[in-house]
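Below: the structure, in structure tokens.
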Amino acid sequence: MAQLNFCVGDVLGNAEKMIETIQWAKKNTADMVVFSELALTGYPPEDLLLSDDLFEKIEIALTKIKACSQDCYVVLGYPEKTNDERFNVASVLFENKIIAHYRKHFLPNYGVFDEVRYFTPGHQGCVFECRGIKTGLVICEDVWYPSPIAQAVSQGAQWVITINASPYDDKKFSARTHVLKQRAQENKVPLLYVNQVGGQDDLIFDGRSLLMDAQGQIQVCAAFCKEDRVLVEIHQNKKNLLVSSSEIMPPPLTDCAQLYEALCLSLRDYVTKNKFNRVFLGLSGGVDSALVLTLAADALGADKVTALIMPSRYTASMSVEDAYALANALEVKTEEVTIESVFDSLLKTLTPLFEGRASDVTEKNIQARIRAILLMAMANKFNGLVLTTSNKSEVAVGYSTLYGDMAGGFDVLKDVYKTEVYRLVRYRNEQAAIIPERILTRPPTAELSLGEVDQDDLPPYEVLDKVLHALIEKNLPEQAVAKLGYEPVMVERINALIKKNEYKRQQAPIGPRVTVRSFGKDWRFPVTKR
């Protein structure tokens, strides 16, 4: 099982990575090496599929890989173009030839997937023989329907390989293994499931490729959110096929540990694959920026991270103290730039224009936008990326400043609720007490005016997040959410805030998807609506 981290569009680079793995497999006397879905292009290639140049590179790459297929079967995925049609295919290469070929039957067209836009479905099954064992072949979504594997078994397959590009969310692994177990048991055949790993824009591919026996028991599972190459063994006895692996499975991770590792992977790949030299973020002394700084240092290394501390007249001394304490503990470089002089200058400029009007949210937003200008200037000057720190609770209800704290290139907490932010911080502190306890115990505040706290404007996050989860992930109507025990007026107000702030979300930076419904490809609402 070759669980690799591919870069979308880098066909020749991905091919070289595959060739190196084939050579490793041969040294380990493997008969077959299996790569993931659309491995040559990376997944999802999206509108790159509309370019003829992409398919020219695929032909070059296939020629190189076929030349390495002596004495070793190679299973890999790539897009195929025939006349005016494109197919999501899996091919088996052996002795410099394509000996078997399968076109994906079921094209997902929901949530983050839109394969119907690009591909034509296939209909034929695929069974090939490897060292005397008849092997079926399917692709990802095909496993979620009974017919493709049943078709392969009816054609004589003794076991089935499924190549996949299945993105992570907090419920996905249990859903995956449930379906795989069902397919293995109903067809009485072992399954080999090979998944992609890595961050790709807002998607995270968690790996966890696995070998399952005909009884639905997992024999071996590859690493979570890491590249892995796992050797498995297939034996034919008189009656059936036996599958096993001498590899030691990694210990299971807690939910918090999985989420933390997934966020690190997403951030690391976004920064490195897009060739940014470093990242910048505003460190306020609050819990969100504390978590983002820690994630950045863990994912990229402290030497690739710069924290800007940008106090104003409303910034408490404890906020600055906690910001420095955290940065020093992580050994992250800091720069302190007060925004007071710029804020004063802008207020003086605007005073004649605002004559007769009381101070309001306008003055708060000016502060956030000054900080954004400073962060973006540093990023421009040093070829860096600005990390924003808005969590899912804030993104949902618009509790952030457009072109202020929303300004940046990547929002690592975009799909992480505020209550989950606290859990992640506590989890990280269990590994090493890095984040000051006071950051966890202080009431959340943006510190844009005297004495303000988040709960002046919002319900307690413990309540808000449960209502948001019901409205967003569960897609429940207001009345159904109210019946869960929440005040109807509050539910109505929260839902109104979600709808009202669509215009902000559509201008927000990209961020990793970690739940079953994020504010990315699986959230498509018009800004202008009734």
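Each residue of the sequence shown is one higher than the last, beginning at 349 in our numbering. Positions of the beta carbon are idealized from the N, C-alpha and C atoms, including for glycine. Everything numeric in this text was worked out from a predicted model, so none of it was measured.
If you run the structure through DSSP and keep just helix, strand and coil, what is residue 414?
helix
Residue 450 in three-state terms, based on DSSP
Looking at residue 450 - three-state DSSP - the assignment turns out to be strand.
Among residues of its own chain, excluding the 5 on either side of residue 553, which ones have a beta-carbon nearer than 6 Å to its beta-carbon?
515, 544, 545, 546
By how many angstroms is the C-alpha of residue 640 removed from the C-alpha of residue 671?
12 Å
Cα separation between residue 787 and residue 831?
35 Å
In the DSSP assignment, the beta strand (DSSP E) including residue 482 goes from what residue to what residue?
481-487
The beta strand (DSSP E) enclosing residue 683, as first and last residue numbers
681-684
Which runs of the beta strand (DSSP E) at least 3 residues long sit entirely within the region 772-854? Give them in chain order.
none
Whole-angstrom C-beta distance between residue 813 and residue 863, which should lie under 8 Å:
Not confirmed; about 11 Å, so no contact.
Unbroken beta strand (DSSP E) run spanning residue 370, endpoints
No beta strand (DSSP E) contains residue 370, which is instead part of the alpha helix (DSSP H) from 359-375.
8 Å contact criterion, which residue 423 and residue 413 should meet: CB distance rounded:
No, residue 423 and residue 413 are not in contact; Cβ-Cβ is about 11 Å, not under 8 Å.
Three-way DSSP call (helix, strand, coil) for residue 655 in this model
strand
Of the choices 471, 442, 441, 445, whose alpha-carbon is the least far from that of residue 454?
471
Grouping DSSP H, G and I as helix and E and B as strand, with all else coil, what is residue 599?
coil
Is residue 496 helix, strand or coil by DSSP?
helix
Roughly how many angstroms lie between the CA atoms of residue 585 and residue 373, to the nearest whole one?
24 Å
Rounded Cβ spacing between residue 820 and residue 853 (contact assumed at less than 8 Å):
Actually they are not in contact, since the Cβ atoms of residue 820 and residue 853 sit about 11 Å apart, beyond 8 Å.
Per DSSP, which one or two residues make a beta bridge with residue 583?
590
Verify whether the separation of the beta carbon atoms of residue 398 and residue 389 is less than 8 Å.
no
Just verifying my parser: in three-state terms, what is the DSSP assignment at residue 527?
helix
Element boundaries [alpha helix (DSSP H), containing residue 691]
688-698
Please classify residue 513: is it buried, with 16 or more other beta-carbons within 10 angstroms of its beta-carbon, or exposed?
buried
For residue 506 and residue 481, believed in contact at Cβ under 8 Å, the rounded distance:
6 Å
Could you compute how far the alpha carbon of residue 673 sits from the alpha carbon of residue 548?
Cα-Cα distance, rounded: 33 Å.
Who are the Cβ neighbours of residue 524 in its own chain at under 7 Å, not counting the five residues just before and after it?
Correct list, in chain order: 514.
Where residue 706 falls, given that 16 or more other Cβ within 10 Å makes a residue buried
exposed
Tell me which residues share the same chain as residue 361 and place their Cβ nearer than 7 Å to its Cβ, disregarding the 5 neighbours each side in the sequence.
355
Helix, strand or coil: which one does DSSP assign to residue 618?
helix
With 16 as the cutoff for other CB atoms within 10 Å, does residue 666 come out buried or exposed?
exposed
For residue 559, which beta-bridge partners are listed by DSSP?
540, 568
Using 8 Å for Cβ pairs, my map puts residue 434 next to residue 428. What's the rounded Cβ distance?
7 Å
On the three-pair Cβ rule with 8 Å, is the region 363-383 touching the region 568-581?
yes
Tell me where the beta strand (DSSP E) around residue 856 begins and ends.
Here residue 856 belongs to no beta strand (DSSP E), and DSSP marks it neither H nor E.
State yes or no: is the C-beta of residue 420 within less than 8 Å of the C-beta of residue 380?
In this structure, residue 420 sits near residue 380, with a CB-CB distance shorter than 8 Å.
Residue from 826, 782, 622, 869 whose Cα sits closest to the Cα of residue 733
622
If I follow the unbroken alpha helix (DSSP H) through residue 477, where does it start and stop?
Per DSSP, residue 477 lies in no alpha helix (DSSP H); the unbroken beta strand (DSSP E) holding it starts and ends at 475-478.
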